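Working notes, beginning with the structure itself.
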Amino acid sequence: MLDMGFEPQIRKIVDQIRPDRQTLMWSATWPREVRQLAEDFLKDYIHINIGAMELSANHNILQIVDVCGDSEKDEKLLRLMEEIMSEKENKTIIFTETKRRCDELTRKMRRDGWPAMGIHGDKSQQERDWVLNEFKHGKAPILIATDVASRGLDVEDVKFVINYDYPNSSEDYIHRIGRTARSSKTGTAYTFFTPNNTKQAHDLIAVLREANQQINPKLLQLVEGGRYRGGRGMRDDRRDRYSTGRRGGGFSGGRDGDNYNRGFSSGPKRDFNSKPQNGFGGASNFGNGGGFGNNNFGANGMQG
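In terms of our numbering, the sequence shown is residues 401 to 704.
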């Protein structure tokens, strides 16, 4: 809450509490900026740390990073969702960096029949509660969200996290992927990493190595100053793709597999204008005024 801009609200609450209060603070990460803010609220405190002091992700999460261009994301996401929705356990959170991107992606996916709903800070509390309830009960197994859902959201059966946009920091990355693999379960996190994110590649590699994950050679290439050869000219080169197809064990494949040699499914290329045959019905079931049991929620997700 401190590093998400809620410091004024926290200070206002603290000012109304007796000075001999007991304060406990919990966090998956403990970066310097948050530590400095926390020290304003704590006196003679005891710091208990579980595990290493450096940034550490949940080791029960399989982390897969796909180095790609921005223009490739939609097609990659479509093929990835076709794979995920064929799984028995398919509850998925897709993270975007901005509210506008969240709304745009929600609109695209709902228009084409995907059971997706969006949530971000501009939604009212009533809207957010409604969307989360639909997500938790599996009525809308795809949640598209900004970082408003990266902290404090505890849904035990989230199986997949997709970083459509890479976050601004490794701390945010760890918080995001931590929405899966709750309560000692396992999960999978997919990340679209573009050359625009190069300055964060070093920290991401450190997180991957700490968790004993396979590292995409193209991610290493970005750190070493090499140039990613993305774009349409490379899209048929399977060796240039680091992501997930169902080859060799699908999504449950272990870390020993050569993830960086696996591509998406080998079917024909499609875009969001193609209706996916995903078992959830066509766009009419989830489009304007239809589906999801509430005619007040159209293609934009929530029209409050």
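Heads up, the beta-carbon is just placed ideally off N, CA and C, and yes, glycines get one too. Bear in mind that the values here come from a model prediction, so they are computed numbers and not experimental data.
Beta carbon of residue i nearer than 9 Å to that of residue j
i: L604; j: T591; result: yes
i: K559; j: T580; result: yes
i: R566; j: L477; result: Rather than Arg, the amino acid found at residue 566 in this sequence is Tyr. Result no, Cβ atoms of Y566 and L477 do not sit closer than 9 Å.
i: A711; j: A457; result: Nothing can be reported for residue 711: it is not among the residues displayed for the chain, which extend from 401 to 704.
i: L532; j: A516; result: no
i: N449; j: W426; result: no
Neighbourhood of residue i by C-beta, 7 Å cutoff - its chain only, sequence neighbours within 5 removed
i: E407; result: L437
i: F441; result: V414, T423
i: R501; result: D565
i: M453; result: none
Alpha carbon of residue i to alpha carbon of residue j, nearest angstrom
i: Q416; j: R609; result: 44 Å
i: F495; j: H575; result: 11 Å
i: Y445; j: D572; result: 25 Å
i: Q621; j: I410; result: 42 Å
i: G469; j: L462; result: 22 Å
i: T594; j: L553; result: 27 Å
i: G538; j: R528; result: 15 Å
i: R418; j: R551; result: 28 Å
i: R421; j: L480; result: 49 Å
i: R432; j: S486; result: 42 Å
i: H614; j: K412; result: For the sequence presented, residue 614 should be read as Gln rather than His. Going from the Cα of Q614 to the Cα of K412 covers about 45 Å.
i: D503; j: E497; result: 11 Å
i: G625; j: S471; result: 22 Å
i: G451; j: K536; result: 30 Å
i: H447; j: V434; result: 14 Å
i: Q526; j: E482; result: 31 Å
i: W530; j: N568; result: 28 Å
i: E439; j: K488; result: 45 Å
Beta-carbon contacts of residue i that lie in its chain and below 6 Å, excluding the five residues immediately before and after
i: S570; result: L455, D603, V607
i: N490; result: I484, P541
i: V623; result: A601, H602
i: M509; result: A516
i: I562; result: I494, Y590
CB-CB length for residue i against residue j, believed under 8 Å
i: I464; j: T588; result: 7 Å
i: V548; j: I519; result: 7 Å
i: L543; j: I493; result: 5 Å
i: E556; j: S583; result: 5 Å
i: D474; j: K499; result: D474 to K499, Cβ: 18 Å. No contact.
i: V467; j: N596; result: Not really, about 11 Å apart at Cβ, beyond 8 Å.
The beta strand (DSSP E) enclosing residue i, as first and last residue numbers
i: M517; result: 516-519
i: D466; result: 461-467
i: L543; result: 542-545
i: F592; result: 587-593
i: V561; result: 560-563
Neighbourhood of residue i by C-beta distance below 8 Å, restricted to the same chain and skipping five residues each side
i: H459; result: A611, N612
Start and end residues, alpha helix (DSSP H) containing residue i
i: N533; result: 525-536
i: T598; result: Element bounds for T598: n/a, residue is neither H nor E.
i: T492; result: First-last for T492: 492-495, but that is the beta strand (DSSP E), not the alpha helix (DSSP H).
i: Y575; result: Residue identity check: residue 575 is His in the sequence provided, not Tyr. Unbroken alpha helix (DSSP H) run through H575: 570-577.
i: Q409; result: 407-415
i: V548; result: That residue, V548, is in no alpha helix (DSSP H); it is neither H nor E in DSSP.
i: Q621; result: 617-623
i: E489; result: First-last for E489: undefined, no H or E at that position.
i: R435; result: 432-438
i: D474; result: 473-484
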